[in-house]
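Below: one structure, written as structure tokens.
Below, the structure is given as structure tokens:
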């Protein structure tokens, strides 16, 4: 029953709430930050799923637990979680722990608001606009639009939806059945979210025409042209090309100028999936890799990857100045976007998106940028390139490492060739045996907790490692460690 | 260039990083938590957008800033942000600050991993399954599937995509053009995300057939039946009914048993959008409002709303046991979901979703549940009902308050009738004048920072307030304050 006192637990008991949070923050600082980023600690503490279930005691019961038990649970969760901020976590396109970004995230979580109206998110509505403006400027646009999305896959879906809406505004109301069959184009090296998006948006995966990539993983513009003509000949209406700036495995950059020429010629929307490579725009030295991006209609860019802003920080940027984003998505909910508010309702940007409640993702990036400046971030990007280059040169000096190709970006793809396979390259089962090396080494490194690198097969190539140099706190010593550790782990193979 | 030393800034300088985070945590504790939840402090510090821009100095520059400047920026961001944890923030369907949930969120942000593979999220893969299992059990299912989504709108989209895929698996590959015209059904009181979703998924908003609601905002099953027959007569294929448990404005619960009967008869997927009302399932006393939910095929439920788990915490629950979620969405990316891993790859749940990287949203809810127990959460839910009831009874005692209707849930919809309008109900311009009251009072309360409540027009009704009783730390005094404050703010009207 309602009475004048708050419930037991912590609700309405600020002293207990503060004490709990102080304790938890201390645990986070010790276990997740200090130990979690320390090279003398493990990057992960492997447990088999069944054992981990026991250790975690996950069941949700009727009875609550004491503060002491809860603090122990916090320690356990951290202990068995992978330390993605650790200098030997090379497993994904994100890594590292930026203290400024984390500060922004803690503030975000505490303020706990939604990005939809100026009324409840005045700071973040203005901040989102400013951050988007800055990112657009780096693309080369002095005006435009954009939005923060829950990840690059959804950013890519927005691009598809906007492109088809611009071409066929009827689609919003009448659906795809009112439209001719559509076709979109992307290279075989594209991220898998393009096909997922095509399925989700009702286009179907068949609508994705796969364009050839060259030996380095870059889309072949001549084949794009070819595919467009073929699609038209088959009665489909091309509407979008999704180029990739920084492919997932090889880190390749599609030739955007040549692709933009093709798009211009055929009147197609050019989307650039720069989820991974977009942050290279910060570097005066390396941004030429994205030359032509200013000719795109939309760009997806995830600062949570190379800039370590924290999951998730993903933007869709648009060159459009006709309010396309809002026209395409708006539903004019009167309970949220009242038109008789006492302030300029153009500041209620929530109707631009397909979400209703939307997490605030701008503060972490903004605060990090304020602290480190564009120059500081540029240095970080340049440094990852330099470290990747160092790693490549060191690999060439060691006999157990074979590069898949010279990297263009900070994905260093290579095989570790164990002692028993060295000099056997011509032998009939060489590829098959080599392909089995990475899974074995991966198991060993994870079980020891010494480091984490991803591997994958790719086209006709068997499993190779994809080393990702992204963590801003990496040093040459971490590169040397990687090489030494693979040699150690694989010495008996 | 790469060298053996890390960059200046904080990267690789753990002492500076820790010092910064300690300082920021202190600011968060003082400004966002202590002051932010204190009734003697303002719920918001209103600034006009242009002035706020000046105060925030949002521009992102080349040069970084000193730690002192950054800390001041943190204070400024908090100062001008709305305090959604404040006991006088009644503006949205989320409010309050649960210390356990916040602890879970701080840990989540620090660990910064993605929910896609057991390899990098062992704790959270297992935890997500356990939380989903518990929520499914509350729905009434002993088996099934599910996933955490970035918000209820996207959860609703998943339901639509799954329903059409189950009926027409061809859709994934061949798209909607290969299908007959589809129709889905929802009441006029549904959340606007249903129409947004229909547009995004390529169905078009015309495919949404709007079913009548009764005077309390509940879907009329007889009209649903009628609409289905009509759609079929027009050549469309009905495939989904989206019922609402807890409508956005009125807090109405659609009659699920009767709707389930209709769905069963016509072989339609029943989705229940319980984003708002789902948490009522925790209450033995009130869960009858959702009777029949166990007959649904899918349920969307946002614990970030009534349970104050923190934005975003949203689940889609499924009764399906045929791996529909994965079949519908999987793209089998070989770089992420390698099949030759050393553990059971069924634990790599990321291919069930349309995202790639996915924020960890289970820990905040799990930790809160562990601490407070199902019983503690039940008490909180029951308490919100009791406080809403108290508020309604108090309103009846005061002449300035007119209820829109007796609430079924914790949305209390009412008009504040200012002195000049009392007793004028029959007069010709009464409705028009009454409709102008809420925007004026809203402006006054926001500019004073004393409280925040939402208002909206609704159907033929002019603007009324929607008071939401959700913050777990509310007391009777907060209810009294609301009434007194509206009388004070509106005494001259």
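Protein chains in written order, with this note's numbering: chain A, 4 to 496; chain B, 4 to 496. Note that beta-carbon positions come from the ideal geometry of N, C-alpha and C, so glycine has one too. Please read all numbers here as calculations on a predicted model, not as lab measurements.
DSSP bridge partner residues for residue i (one or two, in chain order)
i, result
"residue 416/B", "469/B"
"residue 66/A", "In the DSSP output, where bridge partners are listed per residue, residue 66/A has none listed."
"residue 181/B", "Answer is none; residue 181/B lacks a bridge partner."
"residue 149/B", "320/B"
"residue 279/A", "In the DSSP output, where bridge partners are listed per residue, residue 279/A has none listed."
"residue 241/A", "186/A"
"residue 222/A", "216/A"
"residue 464/B", "461/B"
"residue 211/A", "187/A"
"residue 498/A", "Lying before the first or after the last residue shown, residue 498/A is absent from chain A, which here runs from 4 to 496."
"residue 247/B", "276/B"
"residue 92/A", "455/A"
Enclosing beta strand (DSSP E) for residue i [first to last residue]
i, result
"residue 272/A", "272 to 276"
"residue 457/A", "455 to 461"
"residue 404/B", "404 to 406"
"residue 302/B", "301 to 304"
Chain-ordered chain B contacts of residue i [CB-CB under 9 Å]
i, result
"residue 377/A", "63, 64, 65, 66, 67"
"residue 21/A", "32, 36, 37, 102"
"residue 457/A", "122, 338, 339, 341"
"residue 230/A", "Neighbours of residue 230/A on chain B: none; closest Cβ ~18 Å, over 9 Å."
"residue 83/A", "125, 126"
Within chain A, the residues that residue i reaches when beta carbons sit closer than 9 Å
i, result
"residue 362/B", "153, 154, 314, 315, 362"
"residue 446/B", "344, 345, 346"
Neighbouring residues, chain A, relative to residue i (Cβ below 8 Å)
i, result
"residue 28/B", "28, 109"
"residue 209/B", "176, 177, 178"
Residue i vs residue j beta-carbon contact at 7 Å
i, j, result
"residue 246/A", "residue 20/B", "no"
"residue 243/B", "residue 299/B", "no"
"residue 212/A", "residue 230/A", "yes"
"residue 321/A", "residue 149/A", "yes"
"residue 281/B", "residue 412/B", "no"
"residue 199/B", "residue 357/A", "yes"
"residue 134/B", "residue 302/B", "no"
"residue 107/A", "residue 355/A", "no"
"residue 206/A", "residue 240/A", "no"
"residue 284/A", "residue 381/A", "no"
"residue 81/A", "residue 34/A", "yes"
"residue 55/B", "residue 117/A", "no"
"residue 295/A", "residue 259/A", "yes"
"residue 16/A", "residue 155/A", "no"
Residue of the options minimising C-alpha distance to residue i
i, options, result
"residue 472/B", "308/B, 351/B, 367/B, 350/B", "308/B"
"residue 391/B", "469/B, 256/B, 205/B, 88/B", "469/B"
"residue 338/A", "359/A, 443/A, 151/A", "359/A"
"residue 202/B", "126/A, 187/A, 33/A, 330/A", "330/A"
"residue 316/A", "68/A, 96/A, 66/A, 489/A", "96/A"
"residue 39/A", "488/A, 486/A, 476/A, 489/A", "476/A"
"residue 23/A", "493/B, 227/B, 105/B, 289/B", "105/B"
"residue 478/B", "99/B, 58/B, 59/B", "99/B"
"residue 452/A", "437/A, 489/A, 426/A", "489/A"
"residue 128/B", "63/B, 190/B, 350/B", "350/B"
For residue i, the first and last residue of its enclosing alpha helix (DSSP H)
i, result
"residue 161/B", "155 to 170"
"residue 479/B", "479 to 492"
"residue 52/B", "52 to 59"
"residue 258/B", "Element bounds for residue 258/B: n/a, residue is neither H nor E."
"residue 385/A", "366 to 400"
"residue 192/B", "Where residue 192/B is concerned, there is no enclosing alpha helix (DSSP H), given that its DSSP letter is neither H nor E."
"residue 111/A", "102 to 114"
"residue 22/A", "17 to 30"
Contact list for residue i against chain B, beta-carbon separation under 8 Å
i, result
"residue 495/A", "Under the 8 Å cutoff, chain B gives no residues; its nearest Cβ is about 17 Å from residue 495/A."
"residue 76/A", "370, 373"
Contacts of residue i in chain A (Cβ-Cβ under 7 Å)
i, result
"residue 334/B", "195, 198, 199"
"residue 203/B", "164, 204, 357"
Residue i Cβ short of 6 Å to the ligand ADP heavy atom set
i, result
"residue 286/B", "As far as ligands go, the structure on display features none, and thus does not contain the ligand ADP."
Proximal chain B residues relative to residue i, where beta-carbon distance stays under 7 Å
i, result
"residue 236/A", "Neighbours of residue 236/A on chain B: none; closest Cβ ~18 Å, over 7 Å."
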